[in-house]
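Engineer: So the first sequence is residues 754 to 1240, counted in my numbering.
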Amino acid sequence: MVRYADTMVLAWLTDSARSLSMDNLSQSLLNHEMIHFKDTVKKGENFASVAIEDACKYAGEDAYITFQLYDVLREQLLLKGGQEALDEAFNVEFPFAITLLGMEKEGIAVDTAVLELFKKEVALEIATLTEQIHSTCGTVFNLNSPKQLGVILFETLGLAHGKKTKTGYSTDEQVLDGLKDEHAVIPMLLQYREYHKLYSTYIEPLIALSQNDPASRIYTSFIQTGTATGRLSSKNPNLQNIPVKTALGMRIREAFVAPKGKKLIGIDYSQIELRLLAHFSEDSVLVNAFNEGHDIHMQTAIALFGEAEAAQKRNIAKTVNFGLLYGMGQKKLSDTLGITTKEAKEIIERYFETFPSVKGYFSGIVVHAKEMGYVETLLHRRRYFDFASATPMLKAAYERESVNTVFQGSASDLIKLSMNKIDTMIRTEGLRARMLLQIHDELIFEVDEDVAEVYASRFVEVMESILELRVPLKTSMHIGNHWGELK
DNA sequence: CCCATCACG
DNA sequence: ACGTACGTGATGGGC
């Protein structure tokens, strides 16, 4: 049940929680350097003991929660200190630890037979491809070694090499894709890579884990304090990176099922980060587009290229919209779109001319980050940057991270609020529903079949009304018997 | 233990 | 002159 907590720390903390008075505990935590915010504790001493007291209420119930709460508390106080930090800890992050605990305990059902069948097919493909590749190259080597592969491709076969890595030639997907017409072995390698990834990262581990459990369910650990932006992460196994993009990858999703008599519901926020961009920047074109329910990428294309060209350039606009949130540069945009850096530069310049309030808003974030040393999300979570001691290259990276953190972190704030509200709803009303997974902007539920539609509408309603922004929050919802049907 | 690679949002 | 699109975790090779 305790999956990520350090067990020594946990045992110590739980024991203390049961046997010590509050004052003793908080002093003891400090003495043992269990709380690493000694510097801020002078002004925050009351806050600290109040917070610990609250955390300890849960200790008898479940030591794991205590640990998560403690972890969150430390994180929050380190991040900000003072009342604002504790407000967020108490109002959002502490209840969220309980929400996550419920999800971790619940797990998700896996149909092992689906995976076993797929495993046989993939194993056969891998064996065939291995044989073909070795004979095509005229030599036997380890296909999983980029080092050995690089030597074969770029020395033995004499293909023209592009970029290099620290340790030799790059053989990543982008490189291989550029060479796919140069030699018959390249398409085989690309296929091999896809099959091997599925086999080693998903098929085998998921079968092993599901066989551990009497109900064939698998249980992830959600890390609440592991990211720089406030997002969750998921590990052992990571259920936030189950394949979705290719037909083969979707076979993995088909193995995540609703048990008999139940359904899975998937609800994801549509373009939540772009909606936050519209909200924060107050740009009239963006705000209007969302308020009128228009296709945001098409509207961007119209604004950038005019009505006549918009339809054929919608994809460019889409890439630019995404790139914006990452602080894109001309180099990467040109690589992604397959255009010259000059063209990319022009598109970026035109974007900021077309959306001046976005440009102003972005520079505002960067100015704030440089002056204050941090940026804040919608719910005032902070991320700190040390611009002062940074090299020019690092400064540029910090600028991109500052901007991105506002959107990624604020989106994370929103879905945390929704999850807490839905979790409370499920518990207090005794709904025949369980929240199973969060994948950043998406929630997966398992519910009784007969109430699936009704519950789904209620969850959608919570998610879309969780906060009132300058633009509506929209979601898309799907009900199915397996995860593969939720897109 | 680091690197390269690749899966996701 | 030159280089940077953000945030994660798992795997296998190789030192």
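Idealized CB from N, CA, C, for every residue including glycine.
Just so it is clear, the structure is predicted and the values come from calculations on it, not from any experiment.
Using beta-carbon positions only, say whether Ala1186 and Ile1192 come within less than 8 Å of one another.
Structural biologist: No, the pair does not count as a contact, with Cβ atoms beyond the cut-off.
Engineer: Taking the DSSP output, what are the residues bridged to His1235?
Structural biologist: Paired residue(s): Val1010.
Engineer: Taking the alpha helix (DSSP H) that Asp1176 belongs to, which residues open and close that run?
Structural biologist: That run of the alpha helix (DSSP H) goes 1145-1182.
Engineer: Taking the alpha-carbon positions, what's the Ala1143 to Arg1135 distance?
Structural biologist: The straight-line gap from Cα to Cα measures roughly 19 Å.
Engineer: Grab me the residues of Trp1236's own chain with a C-beta within less than 6 Å of its C-beta, minus the 5 sequence neighbours each way, in chain order.
Structural biologist: Correct list, in chain order: Arg1006, Phe1009.
Engineer: Can you tell me which of the three DSSP states Lys795 falls into?
Structural biologist: Confidence in Lys795 is poor, its pLDDT being 32 and thus under 50, which makes the residue's placement too unreliable to answer from.
Engineer: How about Leu1226 and Leu1170: do their beta carbons lie closer than 8 Å?
Structural biologist: Taking 8 Å as the Cβ cut-off, Leu1226 and Leu1170 do not qualify as a contacting pair.
Engineer: Helix or strand or just coil, what does DSSP make of Thr918?
Structural biologist: Residue state, collapsed to three classes: strand.
Engineer: Tell me, please, which residues DSSP counts as bridged to Gln1191.
Structural biologist: According to DSSP, Gln1191 bridges with Leu1196.
Engineer: Under 8 Å, do Pro899 and Thr924 count as touching if we go by C-beta distance?
Structural biologist: Yes, they are a contact pair.
Engineer: Note down the Cα distance separating Ile1101 from Leu910, rounded to an integer number of angstroms.
Structural biologist: Going by the C-alpha atoms only, they are around 40 Å apart.
Engineer: What residue from Ser1155, Thr999, Leu1147, Ile1049 has the CA that sits closest to Val1119's CA?
Structural biologist: Of the listed residues, the one whose Cα sits closest to Val1119 is Ser1155.
Engineer: So, with DSSP's three-state summary, where would you put Phe1105?
Structural biologist: The answer is helix: DSSP assigns Phe1105 an H, G or I state.
Engineer: If I measure Cβ to Cβ from Asp1021 and keep anything under 7 Å in the same chain, skipping five residues before and after, which residues do I get?
Structural biologist: Cβ within range, chain order: Asp1194, Glu1195, Thr1228, Ser1229.
Engineer: Given a threshold of 16 other Cβ atoms within 10 Å of its Cβ, counted over all protein chains shown, does Ser1218 qualify as buried or as exposed?
Structural biologist: Answer is exposed; the Cβ neighbour count stays below 16.
Engineer: Can you tell me whether Met761 is buried or exposed, with buried defined as 16 or more other CB within 10 angstroms of its CB?
Structural biologist: Caution is warranted here: a pLDDT of 29 is assigned to Met761, below 50, making its placement in the model unreliable, and no coordinate value can be reported.
Engineer: Are three or more beta carbon pairs between the region 1075-1089 and the region 1149-1163 nearer than 8 Å?
Structural biologist: Output reads yes: the region 1149-1163 touches the region 1075-1089.
Engineer: Could you tell me which of Lys1015, Val1159, Glu926 sits nearest to Arg984, measuring between CA atoms?
Structural biologist: When each option's Cα is compared against that of Arg984, the closest is Val1159.
Engineer: By Cβ distance, which residues of its chain are closer than 8 Å to Asp966, with the 5 residues on each side in sequence left out?
Structural biologist: Taken in chain order, the residues that qualify are Gly860, Tyr972.
Engineer: To the nearest angstrom, report how far apart Ala1205 and Gln964 are at their CA atoms.
Structural biologist: Answer to the nearest angstrom: the Cα atoms are 28 Å apart.
Engineer: Leaving aside the five residues before and after Leu1029 along the sequence, list all residues of the same chain whose C-beta is less than 7 Å from its C-beta, in chain order.
Structural biologist: Answer for Leu1029: Phe1160, Ser1163, Ala1164, listed in chain order.
Engineer: For Glu1129, write down the residues that DSSP places opposite it in a beta bridge.
Structural biologist: Glu1129 pairs with Arg1135.
Engineer: Could you give the C-beta distance for Tyr943 and Glu957, rounded to a whole number, given that I count them as a contact under 8 Å?
Structural biologist: The question names Tyr, but residue 943 is Leu in the sequence shown. Not confirmed; about 21 Å, so no contact.
Engineer: For Ile1232, does the count of other Cβ atoms within 10 angstroms reach 16, so buried, or fall short, so exposed?
Structural biologist: So Ile1232 ends up on the buried side.
Engineer: By the 10 Å Cβ neighbour count, where 16 or more other Cβ atoms means buried, how is Gly1117 classified, buried or exposed?
Structural biologist: Counting Cβ neighbours within 10 Å, Gly1117 comes out exposed, since fewer than 16 surround it.
Engineer: Bridge partners for Phe975 per DSSP, in chain order?
Structural biologist: Answer is Ser987.
Engineer: Whose C-alpha, out of Ser1110, Val1213, Lys1085, Pro1109, is nearest the C-alpha of Lys1098?
Structural biologist: Looking at the Cα atoms, Lys1085 is the closest of the given residues.
Engineer: Threshold first: 4 residues or longer. Then list the alpha helix (DSSP H) segments lying entirely within the region 1003-1063, N to C.
Structural biologist: Counting only runs of 4 or more, we get 1025-1034, 1037-1044, 1049-1058, 1060-1063.
Engineer: Going by alpha carbons, who is nearest to Lys872 out of Gly1046, Ser969, Tyr952, Ala1141?
Structural biologist: The shortest Cα separation from Lys872 among Gly1046, Ser969, Tyr952, Ala1141 belongs to Tyr952.
Engineer: With a CB to CB cut of under 6 Å and the five nearest residues on each side skipped, what residues in its chain are close to Tyr1208?
Structural biologist: Closer than 6 Å at Cβ, skipping near neighbours: Ala1186, Val1200.
Engineer: Can you round the beta-carbon distance between Ala1122 and Ala1011 to whole angstroms, since I take them to be within the 8 Å contact cut?
Structural biologist: Wrong, their Cβ atoms sit about 45 Å apart, outside the cutoff.
Engineer: From the DSSP output, which residues share a beta bridge with Ile861?
Structural biologist: In the DSSP output, where bridge partners are listed per residue, Ile861 has Ile971.
Engineer: Tell me Thr1228's beta-bridge partners as DSSP assigns them.
Structural biologist: DSSP lists Tyr1022 as partners of Thr1228.
Engineer: Just how far apart, CA to CA, sit Gly1076 and Ile939?
Structural biologist: Between Gly1076 and Ile939, the C-alpha separation is close to 30 Å.
Engineer: Buried or exposed for Ala758, please, with buried defined as at least 16 other CB atoms from any protein chain shown within 10 angstroms of its CB.
Structural biologist: Only weak support exists for where Ala758 lies, its pLDDT of 29 falling under 50; the value from the coordinates is given anyway. Buried: at least 16 other Cβ atoms inside 10 Å.
Engineer: Put Ala1097 into one of helix, strand or coil per three-state DSSP.
Structural biologist: Helix, per DSSP.
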